[in-house]
Amino acid sequence: MTNVSTCITYDASTSLVMMTLRGMASAQDVINFYQIAHQYSLLYGLDKILVDVSELTHNFEPADLFTIMPVVANTLKRAVIAIVVSFDGFMHDLFVQKAKRYNVHAENFECFQTAKNWLIEQ
Numbered sequence: 002m003t004n005v006s007t008c009i010t011y012d013a014s015t016s017l018v019m020m021t022l023r024g025m026a027s028a029q030d031v032i033n034f035y036q037i038a039h040q041y042s043l044l045y046g047l048d049k050i051l052v053d054v055s056e057l058t059h060n061f062e063p064a065d066l067f068t069i070m071p072v073v074a075n076t077l078k079r080a081v082i083a084i085v086v087s088f089d090g091f092m093h094d095l096f097v098q099k100a101k102r103y104n105v106h107a108e109n110f111e112c113f114q115t116a117k118n119w120l121i122e123q
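As C-alpha cells, then:
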C-alpha cells in the first residue's frame with residue numbers, strides 16, 4: 002500500500018524545483034513523483050530538480066527498476082537531478098546507476114546543502 006507525503010516547491014532565489022518525499026513508495030509512485038517534478042519544472046522553465054528521499058522507503062523489488070527507469074529517463078531527459086538519500090540508500094544507488102545508463106544527469110548526496118550547492122553550480 003502506498004503511503005507517501007509529498008511536498009514540492011519552487012525556490013526563486015536559486016531557481017530550483019525542490020521535492021521532499023516521506024513514507025513508503027511503490028514503483029508507480031516513483032514514476033509519478035518524477036513526472037510531477039518534471040511538470041513543475043516546466044511550469045517555471047527550469048531543468049534543475051532537487052529531490053529529498055532520505056525518509057522514503059521503497060515497496061518494490063530492485064528488479065522493478067528495469068521497468069521504472071525507461072519511463073523516468075524519458076521524462077527527465079533534459080533535467081539535472083540531485084537526490085538526497087539516507088545512509089542506507091541501496092535502492093537510490095541502483096536508481097542513479099540505471100539513470101546514468103539512460104543518460105540522465107543525476108547524482109546522490111547524503112547532505113541536503115551539498116546537493117543544493119552542486120545543483121546550483123550545474
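Each residue of the sequence shown is one higher than the one before, counting from 2 in this note's numbering. Built from N, CA and C at the ideal position, the CB exists for glycine as well.
Of the residues Gln36, Ala100, Asn104 and Val5, the one whose Cα lies closest to the Cα of Asn60 is Val5. As summarised for the segment 70–114, the continuous beta strand (DSSP E) elements at least 3 residues long and confined to that stretch are 81–85 and 106–110, given in chain order. Boundaries of the beta strand (DSSP E) harbouring Asp12: Asn4 to Asp12, taken from the DSSP string.
In this structure, Lys49 places its C-beta atom within 8 Å of the C-beta atom of Gln123.
For Ser55, the enclosing beta strand (DSSP E) has its first and last residue at Lys49 to His59. Excluding five sequence positions before and after Ile9, the CB atoms of its chain that fall closer than 6 Å to its own CB belong to Met20 and Tyr41, given in chain order. A Cβ-Cβ separation of about 13 Å leaves Val54 out of contact with Leu95 under the 8 Å criterion. Ala26: member of the beta strand (DSSP E) spanning Leu17 to Ala26, first to last residue.
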